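Here's the structure we're looking at; comments come further down.
Number of protein chains: 2
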Amino acid sequence: MAKPTFYNLPEEKRLRITSAARCEFASVGYDLASIQTIIGNANIPRGSFYQYFEDKRDLFLTILSSIRDEKLDYLGSVLSEWERLPLFDLLGRLIEAGLEYAKAFPDALQIAAKLMKSSMIELEEVLTTLSVDNQGTPVTGTHDFYMRLIEHAKDVGEITSEIPTATIAFYLQTMMESISRLVLNEDGLQGIPPVYDDIFLMMKNGLINDRDD
Amino acid sequence: MAKPTFYNLPEEKRLRITSAARCEFASVGYDLASIQTIIGNANIPRGSFYQYFEDKRDLFLTILSSIRDEKLDYLGSVLSEWERLPLFDLLGRLIEAGLEYAKAFPDALQIAAKLMKSSMIELEEVLTTLSVDNQGTPVTGTHDFYMRLIEHAKDVGEITSEIPTATIAFYLQTMMESISRLVLNEDGLQGIPPVYDDIFLMMKNGLINDRDD
DNA sequence: AATGGATATGACAGAGGTGTCATATCACAT
DNA sequence: ATGTGATATGACACCTCTGTCATATCCATT
Chain A
4 MAKPTFYNLP
14 EEKRLRITSA
24 ARCEFASVGY
34 DLASIQTIIG
44 NANIPRGSFY
54 QYFEDKRDLF
64 LTILSSIRDE
74 KLDYLGSVLS
84 EWERLPLFDL
94 LGRLIEAGLE
104 YAKAFPDALQ
114 IAAKLMKSSM
124 IELEEVLTTL
134 SVDNQGTPVT
144 GTHDFYMRLI
154 EHAKDVGEIT
164 SEIPTATIAF
174 YLQTMMESIS
184 RLVLNEDGLQ
194 GIPPVYDDIF
204 LMMKNGLIND
214 RDD
Chain B
4 MAKPTFYNLP
14 EEKRLRITSA
24 ARCEFASVGY
34 DLASIQTIIG
44 NANIPRGSFY
54 QYFEDKRDLF
64 LTILSSIRDE
74 KLDYLGSVLS
84 EWERLPLFDL
94 LGRLIEAGLE
104 YAKAFPDALQ
114 IAAKLMKSSM
124 IELEEVLTTL
134 SVDNQGTPVT
144 GTHDFYMRLI
154 EHAKDVGEIT
164 SEIPTATIAF
174 YLQTMMESIS
184 RLVLNEDGLQ
194 GIPPVYDDIF
204 LMMKNGLIND
214 RDD
């Protein structure tokens, strides 16, 4: 969404700008981010900024879209084998891949986390257009993505057919986002023992005590 | 947290202020809320505002705390019988009661929803101090609250003991918050068929297909 | 070296917000 | 009626930020 001028810039300068912007968005979020601060850190004059971008929103969308591209790189390999893997194995890998991604681009993580905090009116549309969810997960995190997974798993007889697909999709999406948050916050991006094993166990077998003691 | 002067005010004036404030916080959230707008709508002079409150934060905390009190009224009866009810019955009632509450105080709902979007640094502490969570759920939504519920349910033999209590608490809390959001948004506060029945079913029995066909 | 289109620059006007303070007003006890 | 402490008021000084614009600079082409 940036103006063509921006892409004609020498890479060094472009990087200075995007880094400063990502840093600002990561630390204070969209609403409180200040163009003033960004151009200050990037060391470019105010006038130039408006030569490259319409406004803050424009800059933000540009950043978001590059984040999406970055993340697709990390998830691509996992996503490609989605039909071959058992459902929960796939989900586990997605979380692992997301963790890898977060290690590589820590600022992206913070930006994504603060994404939903923004007051952009058309946020919904923006997200679907970019296929990015609030975890910064592209395509992956989509309701539709989960729908596909579940239909498949039902077909294969892996999971129960008694619950509507949409409901399960809602359930999986919720838990996946939540687990991501947990994994990414708790451990400060260290290697963790897969905490989510227990959670997946619950999701597979339910909470009800079926032992007859 | 408001100054004593505020509580000496005639109720009519106090209401004008709190209404205007709740309206503003509900519509633009904490960060973007403007004292200017609030005093404009409440029709009180700028100087008076600072006679009643330290600043925006002070006002916000005052509002939050009254929201907590309101909600406690609605959940009190359900909470009182927490030991007598089966776990998922209790959870269902909490959601229903939350829905009732949201009908009665629609602005509170929006304020709570935007709560987590605020950039208040000490938000965490504020929330625990107020025992309010991001659903505007007091006490109820706390991790500790779920810990108690689960310990009890394990004791009674209602749910499996194979998973650590803290993990289950995380799980329940996540799903309860998510269901609340679903219920409160989807239907625009109409009466709904209890969508969450299917979700509870999954949580009880798990997703794995155990029919041997 | 001259021309012209693209790019760079920072001063500037203007919007919107905050917290304070000197002054005015009130309520009430004397 | 008068003095006193509490309360009310809005003008004001001061910020931060945004988007624009007149002007300067660059660079490729003639």
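Chains A and B supply the protein sequences, listed in that same order. Its first residue numbered 4, the first sequence is counted upward by one per residue in the working numbering. Its first residue numbered 4, the second sequence is counted upward by one per residue in the working numbering. By construction, the Cβ of each residue, glycine as well, lies at the ideal position given by its N, Cα and C atoms. The model shown is predicted, which means the values in this text are computed figures rather than measured ones.
Boundaries (first-last residue) of the alpha helix (DSSP H) holding residue i
i	result
residue 208 of chain B	199-208
residue 81 of chain B	59-83
residue 120 of chain A	No alpha helix (DSSP H) holds residue 120 of chain A; DSSP gives it neither H nor E.
residue 96 of chain A	90-107
residue 8 of chain B	7-11
residue 4 of chain A	Segment: none, residue 4 of chain A is in no alpha helix (DSSP H) and carries neither H nor E.
residue 153 of chain B	146-158
residue 2 of chain A	Because chain A is modelled from 4 through 216, residue 2 of chain A falls outside the range shown and cannot be assessed.
residue 38 of chain A	38-45
residue 87 of chain B	It is not in any alpha helix (DSSP H) - residue 87 of chain B carries neither H nor E in the DSSP assignment.
residue 52 of chain B	49-55
Pairwise C-alpha distance: residue j and residue i
i	j	result
residue 89 of chain A	residue 161 of chain A	8 Å
residue 65 of chain A	residue 10 of chain A	11 Å
residue 37 of chain B	residue 149 of chain A	40 Å
residue 120 of chain A	residue 24 of chain B	20 Å
residue 114 of chain A	residue 21 of chain B	33 Å
residue 67 of chain A	residue 133 of chain A	8 Å
residue 164 of chain A	residue 212 of chain B	8 Å
residue 191 of chain A	residue 18 of chain B	The pLDDT assigned to residue 191 of chain A is 48, lower than 50, so where the model puts this residue is not dependable, and the model offers no usable value.
residue 187 of chain B	residue 78 of chain B	16 Å
residue 185 of chain A	residue 171 of chain A	21 Å
residue 50 of chain A	residue 39 of chain A	11 Å
residue 104 of chain B	residue 26 of chain B	17 Å
residue 156 of chain B	residue 167 of chain A	28 Å
residue 99 of chain B	residue 91 of chain B	12 Å
residue 69 of chain B	residue 97 of chain A	42 Å
residue 129 of chain B	residue 8 of chain A	46 Å
residue 12 of chain A	residue 83 of chain A	35 Å
residue 122 of chain A	residue 15 of chain A	31 Å
residue 124 of chain A	residue 48 of chain B	31 Å
Top-ranked residue by Cα proximity to residue i, from the options
i	options	result
residue 175 of chain B	B:158, B:93 and B:121	B:93
residue 145 of chain A	A:179, A:62 and A:23	A:179
residue 102 of chain A	A:163, A:211 and A:199	A:199
residue 169 of chain B	B:159, B:182 and B:154	B:154
residue 53 of chain B	B:34, B:5, B:84 and B:82	B:5
residue 117 of chain B	B:212, B:173, B:18 and B:63	B:63
residue 126 of chain A	A:8, A:34, A:26 and A:7	A:34
residue 181 of chain A	B:183, B:69 and B:173	B:173
residue 177 of chain A	B:167, B:202 and B:166	B:202
residue 95 of chain B	B:105, B:81, B:128 and B:147	B:81
residue 85 of chain A	A:151, A:50 and A:167	A:151
residue 147 of chain A	A:87, A:123 and A:131	A:131
residue 106 of chain B	B:48, B:87 and B:183	B:183
residue 87 of chain B	B:12, B:15, B:158 and B:48	B:158
- Message: Between the stretch 30-49 of chain A and the stretch 110-128 of chain A, can you find at least three pairs of beta-carbon atoms closer than 8 Å?
- Response: yes
- Query: Given 8 Å as the limit, is there contact between the stretch 37-45 of chain A and the stretch 72-82 of chain A, that is, 3 or more CB pairs closer than that?
  - Reply: no
- Item | Inter-stretch contact (C-beta, 8 Å, three-pair minimum) for the stretch 57-64 of chain B and the stretch 201-212 of chain A | no
- Residues of the stretch 200-213 of chain B with Cβ closer than 9 Å to any Cβ of chain A, in chain order: 201, 202, 204, 205, 206, 207, 208, 209, 210, 211, 212 and 213
- Item | Where the stretch 162-183 of chain B meets chain A: residues whose CB sits under 8 Å from a CB there | 162, 163, 164, 165, 166, 167, 170, 171, 173, 174, 177, 178 and 181
- Task: Check distances from the C-beta atoms of the stretch 31-47 of chain A to those of chain B and list, in chain order, the residues that come in under 8 Å.
- Result: 31, 32, 34 and 35
- Query: If contact means a Cβ-Cβ distance below 9 Å, which residues of the stretch 109-122 of chain A contact chain B?
  - Reply: 117, 119, 120, 121 and 122
- Within 7 Å of chain A by C-beta, residues of the stretch 86-107 of chain B in sequence order: none
- Check each residue of the stretch 145-161 of chain A: if its Cβ is closer than 7 Å to any Cβ of chain B, include it; give the result in chain order. 160 and 161
- Task: Determine which residues of the stretch 68-80 of chain B have a Cβ less than 8 Å from any Cβ of chain A, and write them out in chain order.
- Result: none
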